[in-house]
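Structure, as structure tokens:
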Amino acid sequence: MLCRVFNGSAKPIDSGPPVMAEDFLDINGQPINPHGRIYPEEMIQTGISPIDVMNSIARGQKIPIFSAAGLPHNEIAAQICRQAGLVKKSKGVMDYHEDNFAIVFAAMGVNMETARFFKADFEENGSMENVCLFLNLANDPTIERIITPRLALTTAEFLAYQCEKHVLVILTDMSSYAEALREVSAAREEVPGRRGFPGYMYTDLATIYERAGRVEGRNGSITQIPILTMPNDGERRGLTAAGQIYVDRQLHNRQIYPPINVLPSLSRLMKSAIGEGMTRKDHGDVSNQLYACYAIGKDVQAMKAVVGEEALSADDLLYLEFLHKFEKQFIVNQENVKLKRLSLMLPPEEAAGEQDPGPDPARHYGQQLRGETSWASSDFASPPPERSRFGPFSKARIQP
Numbered sequence: 236m237l238c239r240v241f242n243g244s245a246k247p248i249d250s251g252p253p254v255m256a257e258d259f260l261d262i263n264g265q266p267i268n269p270h271g272r273i274y275p276e277e278m279i280q281t282g283i284s285p286i287d288v289m290n291s292i293a294r295g296q297k298i299p300i301f302s303a304a305g306l307p308h309n310e311i312a313a314q315i316c317r318q319a320g321l322v323k324k325s326k327g328v329m330d331y332h333e334d335n336f337a338i339v340f341a342a343m344g345v346n347m348e349t350a351r352f353f354k355a356d357f358e359e360n361g362s363m364e365n366v367c368l369f370l371n372l373a374n375d376p377t378i379e380r381i382i383t384p385r386l387a388l389t390t391a392e393f394l395a396y397q398c399e400k401h402v403l404v405i406l407t408d409m410s411s412y413a414e415a416l417r418e419v420s421a422a423r424e425e426v427p428g429r430r431g432f433p434g435y436m437y438t439d440l441a442t443i444y445e446r447a448g449r450v451e452g453r454n455g456s457i458t459q460i461p462i463l464t465m466p467n468d469g470e471r472r473g474l475t476a477a478g479q480i481y482v483d484r485q486l487h488n489r490q491i492y493p494p495i496n497v498l499p500s501l502s503r504l505m506k507s508a509i510g511e512g513m514t515r516k517d518h519g520d521v522s523n524q525l526y527a528c529y530a531i532g533k534d535v536q537a538m539k540a541v542v543g544e545e546a547l548s549a550d551d552l553l554y555l556e557f558l559h560k561f562e563k564q565f566i567v568n569q570e571n572v573k574l575k576r577l578s579l580m581l582p583p584e585e586a587a588g589e590q591d592p593g594p595d596p597a598r599h600y601g602q603q604l605r606g607e608t609s610w611a612s613s614d615f616a617s618p619p620p621e622r623s624r625f626g627p628f629s630k631a632r633i634q635p
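All the letters of the sequence shown, read from the start, carry residue numbers 236 to 635 under this note's numbering.
Quick look at the structure:
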């Protein structure tokens, strides 16, 4: 099934030979005993800095990407397929080997241009070797769109539980699946719910999302990243317990790629996927500092729109500069494994308020960083702010 392209009915469309069945499985899946589930641990890296550093994904987790029409969620999905892989835990452990990792990609209700984009992107970048691609076009039968994600998840379950691979399943676009479900429900003359969707839609979606996870006695795992495009830029608050990735239109309009807004984004299982022995000892500290400084920078940006830049204090200008560097360098930068640039971007521990500054960057990154982390360097024009009991906006507050 790997390195092959199928339509929404699992028929090969890549001019290859027919697939010889090794086993026959129900596409609705088998019920998993909740007591037999294993808590998701260990990280899957995507190569996207806002996700890997600040919203790390654990093996066996399900975390959706909330987007809207006109946003580059297809490009983000293709980039994840190109760069995704397992994180090496320690020496002598072969669990991180690329042969133990596979991707199942299911596109539902896409047009011909998007289908060609996915297929050409995977083939040109060499990522097709570990990818099983399902393409359901917009002109295909509606009922085929209903079974496409179930076919993809059945393939993932076979690879994970019988071949013992760690499988990443990307489902795009689940909004097209919901519209197909509404169309089938209307044809059956069922009582509609809100916006015409059937009342059992959330139950039906649960039969898809709950197939992610890890099971006792099996070394494989299934990680889900469903992508949803909300109509008319509707409410995109996360509804799943595991978190969400938020694609922001304002960042996209400013030509920042990938336009992922880290403030509304969340990965609740990140704590079990990072840390010493899995990623880095200071991973959590760096993430918390980035969140704190970026949130303060957004507040300063809102204050600047009201009072002007001349009324801002030196501390405020420092956070504003950090905000610009975060969006222009960190979000766009994909070399996030070494985290060296993060240590250079972070304000000193005095500027982080009551946040825990974490370990000494110079001790962790080497002695050569002691001179580079100085805020008197040419990279930063503002001097380090003075510590004050009134907080980072103390000067702006006490001025008449």
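For glycine and all other residues, C-beta sits at the position ideal for the given N, C-alpha and C.
By the 10 Å Cβ neighbour count, where 16 or more other Cβ atoms means buried, how is residue 183 classified, buried or exposed?
-> Limits of the chain in this structure are 236 at one end and 635 at the other, which puts residue 183 out of reach.
Whole runs of the alpha helix (DSSP H) within the region 257–306, excluding any shorter than 4 residues = 284–287
Length of the line joining the Cα atoms of residue 267 and residue 281 = 27 Å
Residue 602 - DSSP class collapsed to helix/strand/coil = Low local confidence applies: a pLDDT of 34 at residue 602 is under 50, so the model's placement there is unreliable, with the coordinate-based value given in what follows. Reduced to three states, the DSSP call for residue 602 is coil.
Measuring from the CB of residue 546, is there a heavy atom of the ligand NAD at a distance below 7 Å?
-> Among the components of this structure there are no ligands whatsoever, and the ligand NAD is therefore not found.
Assigned exposure category for residue 334 - 16 Cβ within 10 Å defines buried | exposed
Beta bridge counterpart(s) of residue 339 as assigned by DSSP | 367, 404
Three CB pairs or more closer than 8 Å across the region 479–492 and the region 260–274 | no
If you follow the alpha helix (DSSP H) that residue 384 is part of, which residue opens it and which one closes it?
-> 377–392
Buried/exposed call for residue 394, threshold 16 Cβ in 10 Å = buried
Spell out the partners DSSP gives residue 481 in its beta bridges.
-> 301, 496
DSSP state of residue 241 mapped onto helix, strand, coil = strand
So residue 375 and residue 243 are in contact, right, with Cβ under 8 Å, and what is the actual spacing, rounded?
-> 5 Å
Output the distance between the C-alpha atoms of residue 270 and residue 387, rounded to the nearest integer angstrom.
-> 25 Å
Does DSSP put residue 524 in a helix, a strand or coil?
-> helix
The region 504–518 touching the region 299–315, judged by at least three CB pairs closer than 8 Å = no
Three-state secondary structure (DSSP) at residue 320?
-> strand
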